[in-house]
Amino acid sequence: MGKKDKTTKTNSKNAPTSKQIPNRDNFARLNYLYQLSNHFTVGSSCSSSCSSSNQSLARGYDRNLDLLSKRTLSKLSPSVKRSICKKCHVLLIPGMTMSIRLENLSKSQDPKNDVFVNKCLNCGECKRFPIGADREYIPFYERGYIDEPKSGESFDERNNI
Ligand SMILES: [Zn+2]
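With our numbering as the guide, the letters of the sequence shown map in order to residues 48 to 208.
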């Protein structure tokens, strides 16, 4: 009976859900600030009376989020980091606080030169992502969900195939 109990305990420790996250409270604070910013940004579009104060409140939360992640050396997910304007700290939501367009400034109009442009509607800051060169490109943070790397295979070998 005692042995069976020990084996079940070791199995539960190996499960990925019970993985320890270092500095968990920092990530909880970052998550809370991001949710608050999202709430006030989306909520500010509904009512026009207090929209400007809500917008500035949301920007304040985003600024705190940025400062906290830098001060505690907690790395934000690239998807979260790209959804915040680096210049004015507005939460970038497509169609609401950000415009998206596909740009091709080359003379030949080759689809390889396509650039994905995200423009912040508050300050006009643009982020450009060249997407034409490799249409099958998957961002680094999404690769883990799609295919798990084999144990003997290095990162470069997978990309060359
Ligand atoms: Zn901006």
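Where is the CB? At the ideal position from N, CA and C, for every residue including glycine.
Find the nearest neighbour of Leu138 within the set Leu104, Ala180, Thr88, Asp157, judged by alpha-carbon distance. Thr88
Might you give, ordered along the chain, the residues of its own chain that have their beta carbon closer than 8 Å to the beta carbon of Asp161, omitting 5 neighbours on each side? Leu149, Glu150, Asn151, Pro177, Ile178, Gly179
For the alpha helix (DSSP H) that Val127 lies in, which residues bound it at each end? 125-128
Check Asn165 in the structure and name its three-state DSSP category. Asn165: strand per DSSP, three-state reduction.
Roughly how many angstroms lie between the CA atoms of Pro158 and Ser100, to the nearest whole one? Rounded to the nearest angstrom, the gap between the Cα atoms of Pro158 and Ser100 is 43 Å.
By the three-class DSSP mapping on this structure, what secondary structure does Arg71 have? In the three-state scheme derived from DSSP, where H, G and I count as helix and E and B as strand, Arg71 is classed as helix.
Helix, strand or coil for Glu150, going by three-state DSSP, please let me know. strand
DSSP-derived helix/strand/coil call for Pro186: coil
How about Ser84 and Leu114: are their beta carbons less than 8 Å apart? no
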